Amino acid sequence: MQIEVVKSKIHRVKVTGADLNYIGSITIDEALMDASNLIEGEKVTIVNINNGERFETYVIKGNKNSGEITLNGPAARRVQRGDVIIIISYALMEFEKAKTFKPWLVFPNEEDNSLT
Numbered sequence: 212m213q214i215e216v217v218k219s220k221i222h223r224v225k226v227t228g229a230d231l232n233y234i235g236s237i238t239i240d241e242a243l244m245d246a247s248n249l250i251e252g253e254k255v256t257i258v259n260i261n262n263g264e265r266f267e268t269y270v271i272k273g274n275k276n277s278g279e280i281t282l283n284g285p286a287a288r289r290v291q292r293g294d295v296i297i298i299i300s301y302a303l304m305e306f307e308k309a310k311t312f313k314p315w316l317v318f319p320n321e322e323d324n325s326l327t
């Protein structure tokens, strides 16, 4: 039996932009992607701390160490620049493996989204 568990989480990161005219997705600083083991195209859940919105999109790689967190396309309507969000990805795995699996948890600096 397989179950879905949290694979990665970027906790309380600040939205730096919202681009309604882009085709979709969330652009994430490559350093944050590496630290949280996210890849381009991976489906993620976004939880907006400021307004309670919860929605899904997919990841696009941003410039490394830029601090960029930009919601694109329709998702841009669900955030405002400066909102604090949580980015979560999930994985399917065997039940027994899930018991010992440890997700990648990243807690960036809330002011500039850096890893320091």
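Numbering (the working numbering), first residue to last: 212 to 327.
In this text, a Cβ means the ideal position worked out from N, Cα and C, and glycines have one as well.
Predicted, not measured: the structure shown is a model, and the values here were computed from it.
Query: Does the Cβ of L282 have 16 or more other Cβ atoms within 10 Å, making it buried, or fewer, making it exposed?; Result: buried
Query: Taking the beta strand (DSSP E) that A302 belongs to, which residues open and close that run?; Result: V295 to E305
Query: Could you give the C-beta distance for V224 and I298, rounded to a whole number, given that I count them as a contact under 8 angstroms?; Result: 7 angstroms
Query: Check D323 in the structure and name its three-state DSSP category.; Result: coil
Query: For R289, which of helix, strand or coil comes out of DSSP?; Result: helix
Query: Give me the residue from D240, Y269, D230 and E264 with the minimum Cα distance to I296.; Result: E264
Query: Please go through the same chain and pick out, in chain order, the residues whose beta-carbon is closer than 6 angstroms to the beta-carbon of M212, but skip the five residues on each side of it.; Result: F306
Query: Can you check whether the CB of S219 is closer than 7 angstroms to the CB of L249?; Result: yes
Query: Can you name the residues that DSSP bridges to K220?; Result: I299 and L316
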